[in-house]
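Asks: Here's a structure for you.
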Amino acid sequence: VHQYRAGRRAVEWGLTTQCKCHGVSGSCNIKTCWKALPRLHEIGDRLKMKFAVATEVVSRRVGAGRRLLPATPAMALYTQDDLIYVTKSPDYCLKDARVGSQGTRGRVGISLVQLVQCKLRVDISLVQLVQCKLRVDISLVQLVQYTLRVDISLIQLVQCKLRVDISLIQLVQYQLRVDISLIQLVQYKLRVDISLIQLVQYKLRVDTQRCWIIATSAVEEAALLKKWRRHKPSRARS
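Anchor point for the sequence shown: position 60 equals 80 in the working numbering, and the numbering is continuous, going up by one each time.
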């Protein structure tokens, strides 16, 4: 019951008053106000802080009844905003034969394949992350550099983010369970009919064509001028 009350008070602590004016041209003749709930992460941060300094309590007889009092008599009595606990949380790093847990201390790490098989929430691919989270219209390499502001390659990005030692193509193939190359994956996901190299060529095609047009125009102009000089009529001698 105490923990429920502490949780409700954590929500009440973050309540804010918001108002809205009603009237002609914003004259605010009538004002409507209400209490707005705080953001979920604000409540979570406050409860996490309370959890870090929670008070250990024991049941003691006080008068005709029993109360939960601090396990250490020197500690001050907890308030309605504080969190309390009767037993300490178990340390999952240590072996606990009573519940049949071998603990995690000294355990050898698992590979990505085993991690996926254990379903530890590795359920998104790099392309889906690019499409759904970042929602930008720039190339893949520019996207990596712009978002993370680093000058690392795509494979290094995957290794840094997912902490794996496999190549990007292997990761995409295993995650999406398809047998296609990276270029085919980009074509399929981004709905384009050109390869990555052709995409770069297409983006740079404007500058290339401009240089070619300028060069062609200069050559044609020189040829026409030369032809005109060769066939122009000579002036009659006086």
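Ideal placement from N, C-alpha and C gives every residue a C-beta, glycine not left out. Bear in mind the structure is a predicted one, so any value in this text is a computation, not a measurement.
Put Gln23 into one of helix, strand or coil per three-state DSSP.
Replies: Three-state DSSP puts Gln23 in a helix.
Asks: Can you have a look at Thr75 and say buried or exposed, based on whether 16 or more other CB atoms are within 10 angstroms of its CB?
Replies: With 16 or more Cβ atoms within 10 Å of its Cβ, Thr75 is classed as buried.
Asks: Under the three-state reduction of DSSP, which class applies to Leu245: helix, strand or coil?
Replies: Looking at Leu245 - three-state DSSP - the assignment turns out to be helix.
Asks: Give me the residue from Ile104, Cys48, Val82 and Gln23 with the minimum Cα distance to Cys39.
Replies: The residue with the shortest Cα to Cα distance from Cys39 is Cys48.
Asks: Looking only at its chain, what residues have a beta carbon closer than 8 Å to the beta carbon of Asp102, apart from the 5 residues adjacent to it on each side?
Replies: So the list reads Ala26, Lys70, Val73, Ala74 and Thr75, once near-sequence residues are dropped.
Asks: Mapping the DSSP letters down to three states, classify Asp65 as helix, strand or coil.
Replies: Correct three-state label for Asp65: helix.
Asks: Do Val18 and Ala91 have their C-beta atoms within less than 8 Å of each other?
Replies: Residue 18 cannot be examined here, being either before or after the span of the chain that is shown, 21 to 258.
Asks: Can you give the beta carbon distance from Leu35 to Ala56, rounded, assuming they're within the 8 Å contact cut?
Replies: Indeed they touch by this definition, with Cβ atoms about 7 Å apart.
Asks: Pull the bridge partners of Arg86 from the DSSP assignment, please.
Replies: Note: Arg86 sits in a beta bridge opposite Arg81.
Asks: By alpha-carbon positions, which one of Glu32, His61, Leu97 and Tyr105 ends up nearest to Val21?
Replies: Of Glu32, His61, Leu97 and Tyr105, the residue nearest in Cα terms is Tyr105.
Asks: Pull up the distance between the alpha-carbon of Gln97 and that of Gln23, whole angstroms please.
Replies: It is worth fixing the name first, because residue 97 is Leu in this sequence and not Gln. When rounded, the distance between both Cα atoms is 15 Å.
Asks: If you compare alpha carbons, which of His42, Arg127 and Arg249 is closest to Tyr112?
Replies: Of His42, Arg127 and Arg249, the residue nearest in Cα terms is Arg127.
Asks: Taking the beta carbon of Ala94 as the centre, do at least 16 other beta carbons fall within 10 Å, making it buried, or is it exposed?
Replies: By the 10 Å Cβ count, Ala94 comes out exposed.
Asks: Any idea what DSSP makes of Lys70, helix, strand or coil?
Replies: Three-state result, Lys70: helix.
Asks: What does DSSP give as the partner residues of Thr124 in its beta bridges?
Replies: Answer is none; Thr124 lacks a bridge partner.
Asks: Does DSSP put Ala56 in a helix, a strand or coil?
Replies: DSSP places Ala56 in strand when its eight states are reduced to three.
Asks: With a CB to CB cut of under 8 Å and the five nearest residues on each side skipped, what residues in its chain are close to Ala30?
Replies: The answer, listed in chain order, is Ile63, Arg66, Leu67, Lys70 and Asp101.
Asks: DSSP beta-bridge partners for Cys39?
Replies: In the DSSP output, where bridge partners are listed per residue, Cys39 has Cys53.
Asks: Could you tell me the alpha carbon to alpha carbon distance between Arg37 and Ser45, rounded to whole angstroms?
Replies: Per the sequence shown, residue 37 should be read as Thr rather than Arg. Distance between the alpha carbons of Thr37 and Ser45 is about 23 Å.
Asks: Take Leu60 as the anchor and find which of Glu32, Leu114 and His251 has the nearest alpha-carbon.
Replies: When only C-alpha atoms are compared, the closest one is Glu32.
Asks: Return helix, strand or coil for Val239, following the three-state DSSP convention.
Replies: Helix, per DSSP.
Asks: Once you ignore the five residues that flank Gly123 on each side, which residues in its own chain have a CB closer than 6 Å to its CB?
Replies: So the qualifying residues of the chain are Cys113, Leu114 and Lys115.
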